[in-house]
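> Before anything else, here's the structure in question.
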């Protein structure tokens, strides 16, 4: 008896307490391929206390290559994605959050693009959903439908680029790049796990393309999501950025890319500082201490140069976190730093 054919695409869906949304997610996956056996779906039920796992299991007849993995305790998004990846077998890999959904045939179109362009990965636009509002979020690379060098899409430092579009679910990946660890996320991070991941992807992969495809719908303002919480998990932004910094410092073109990461670090730390009043005093204290250590690890000459381009509001939010810089540094008006 011959062995079953290898699935064309593996979709990894981590979910925790997602009973209100995961049916939409899985229903959308039933509309992706002409032959449902071409699709492998791996749901990682990450310590849910609701019926997430039962709902996922109920799709076994509609998704013939469905696997549901259950963790007794939550392991976090990064670990859950890695767990699903280790169980997957498809030629191409897709990540999908359990509260998002796909337009029909999206995965078929992306897989066709992977085969047509013969690239390590493809990226696409997506749609943000906030209640009844819908907005198209464009991938920052304007060149579409051509093979590109990922390293060439990291700069310039003054504009939003592809490393500022870190969403793991906004594309598809050839499984072979996992030989270099490019599909694995830093272990243990509950938030910002996509920051070091996207930098590593663009620094170390060989080719990619931005393509037009049926959209992915990204649900915003979900109750309980990490973007709406203020607890200690938010501190993961510090090790995530430090991991990214270490990655760039080890790169042969570190001098070229450090200004970009420095501006990104300013922007992300300032964003967290803008939310810090809603954090408990101990979390706020540890955020500030971690930020000081992070900035101290950036080469002083790069930090001193890039700080000149901070806008006043961002400089105010970072006040006291850059103690080794001269107080008389002039903050000149400049184009807004990237996200």
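Residue numbers (the working numbering): 3 to 341.
Every residue gets a Cβ at the ideal spot worked out from N, C-alpha and C, and that includes glycine.
(1) Using 10 angstroms around the beta-carbon of residue 274, count the other beta-carbons present and answer buried if the total reaches 16, otherwise exposed.
(2) Should residue 148 go down as buried or exposed, given a rule of 16 or more other Cβ atoms within 10 Å for buried?
(3) Suppose contacts are defined by Cβ-Cβ distances below 8 Å. Is residue 122 in contact with residue 221 by that definition?
(4) Less than 8 Å between the beta carbons of residue 323 and residue 302, yes or no?
(5) Report the partner residues of residue 221 according to the DSSP bridge assignment.
(6) Indicate the three-state DSSP secondary structure (helix, strand or coil) for residue 265 in the structure shown.
(7) At 4 residues or longer, what runs of the alpha helix (DSSP H) sit wholly inside the region 45–130?
(8) So, is residue 195 buried or exposed, given that buried needs 16 or more other C-beta atoms within 10 angstroms?
(9) At the level of alpha carbons, what is the spacing between residue 79 and residue 247?
(10) Would residue 388 and residue 51 be called neighbours here (beta carbons separated by less than 8 Å)?
(11) Can you list, in chain order, the residues of its chain whose CB lies under 6 Å from that of residue 215, leaving out five sequence neighbours each side?
(12) So is residue 181 buried or exposed if we call it buried at 16+ other beta carbons inside 10 Å?
(13) Check for me: the beta strand (DSSP E) holding residue 212 runs from which residue to which?
(14) Mind checking whether residue 2 and residue 142 have CB atoms under 8 Å apart?
(15) Indicate the three-state DSSP secondary structure (helix, strand or coil) for residue 303 in the structure shown.
(16) In terms of DSSP beta bridges, what is residue 42 paired with?
(17) Looking only at C-alpha atoms, which of 74, 290, 48 sits nearest to residue 276?
(18) Secondary structure at residue 138, three-state DSSP: helix, strand or coil?
(19) Looking at the strands, I want to know which residues DSSP matches up with residue 187.
(20) Does any C-beta atom of chain C lie closer than 8 Å to the C-beta of residue 201?
(21) Restricting to Cα atoms, I'd like to know which of 253, 56, 232, 41 is closest to residue 97.
(22) Roughly how many whole angstroms lie between the Cα atoms of residue 88 and residue 77?
(23) For residue 319, which residues of its own chain have a beta-carbon under 7 Å away from its beta-carbon, when the five flanking residues on both sides are left out?
Let me spell this out:
(1) buried
(2) Residue environment analysis places residue 148 among the exposed positions, since fewer than 16 neighbouring C-beta atoms fall within 10 angstroms of its C-beta.
(3) no
(4) Contact: no.
(5) 131
(6) helix
(7) 54–59, 79–89, 108–119
(8) buried
(9) 21 Å
(10) Since the first residue of the chain shown is 3 and the last is 341, residue 388 is not available in this structure.
(11) 108, 111, 112, 126
(12) exposed
(13) 210–212
(14) Residue 2 falls outside the range modelled here, since the chain spans only 3 to 341, and no answer is possible.
(15) Residue 303 falls in the helix class under three-state DSSP.
(16) DSSP output for residue 42 lists 12 as bridge partner(s).
(17) 290
(18) strand
(19) Looking at the DSSP assignment, residue 187 forms no beta bridge with any residue, so it has no partner.
(20) No chain C is part of this structure, which consists of one protein chain only.
(21) Cα-wise, what sits closest to residue 97 is 41.
(22) 15 Å
(23) 272, 275, 276
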